[in-house]
Amino acid sequence: MNEKLKARIEAILFSASRPISILQLSKLVNESEENVKKCLEELIKEYENSNRAIEIVETPEGFEMRIKAEYRNEASKVAAFSDLSLGTLKTLALIIYKYPIKQSDIVKIQGNRAYDYIRILEKKGLIVSRKVGNTKVLMPSQNIERYFGMKIEDIKKQIEKYIQ
């Protein structure tokens, strides 16, 4: 595959502050979606087969370059989950600590901005919700352990340290 195209795609993913879809990538590099997909597949394999701390993954929002779970603890010391705002992290902490929790209870605690935070967390695949009456019940998704690189119980223990 075209090494120059792969390098351009890699540069975009590295620079992006959010996941990028194949359609968006194809427009940015002025190439067909098929060529972009082939390059992405090759890049993903290259990163998987190397000893790098970085990976390229497909999320519900698109493709992103990120730190592999086993290296996030070290990296968090200088850039703690910079893809989530403080409000979003607080919402996620509430959900992890008190799950299952009603969306309405989170809104009571955080105010109306919580709806935006919840939407972001759902879009990133970090939480799941189910409709119950006039509200939603929120819970961490299975992706949460991969995102933080630790078990949900350990994440909860970390949260407990900060609230005591």
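Remember, the numbering used here sits 2 above the position in the sequence shown when you count from 1.
From the three backbone atoms N, C-alpha and C, an ideal C-beta is built for every residue, glycine too.
Short Cβ contact (8 angstroms threshold) for residue i with residue j
{"i": "ILE1", "j": "LEU27", "result": "Past the boundaries of the shown model lies residue 1; the chain is included only from 3 to 166, so the question cannot be answered."}
{"i": "ILE129", "j": "PRO142", "result": "yes"}
{"i": "LYS126", "j": "THR61", "result": "yes"}
Cut-off 7 angstroms between Cβ atoms - residues of its own chain near residue i, not counting five sequence neighbours on either side
{"i": "LEU30", "result": "ILE14"}
{"i": "VAL38", "result": "ILE11, ILE24, LEU27, SER28 and VAL31"}
{"i": "MET67", "result": "LEU15, PHE16, ILE56 and ILE58"}
Residue nearest to residue i in terms of C-alpha spacing, selected from the options
{"i": "ARG121", "options": "ILE58, LYS110 and GLY89", "result": "GLY89"}
{"i": "PRO21", "options": "GLY64, SER131 and ASN53", "result": "GLY64"}
{"i": "LYS153", "options": "GLU44, GLU124 and GLU72", "result": "GLU72"}
{"i": "ILE140", "options": "SER131, GLU36 and GLY151", "result": "Note on residue identity: the sequence assigns Leu, not Ile, to residue 140. Cα-wise, what sits closest to LEU140 is SER131."}
Own chain partners of residue i with C-beta closer than 8 angstroms, once the 5 adjacent residues on each side are dropped
{"i": "LEU96", "result": "ILE103, ILE108, ILE111 and GLN112"}
{"i": "ARG115", "result": "GLY89"}
Unbroken beta strand (DSSP E) run spanning residue i, endpoints
{"i": "GLU60", "result": "56-61"}
Sequence-distant residues of the same chain with beta carbon closer than 6 angstroms to residue i, five excluded per side
{"i": "TYR117", "result": "none"}
{"i": "CYS41", "result": "MET3, LEU7, LYS8 and ILE11"}
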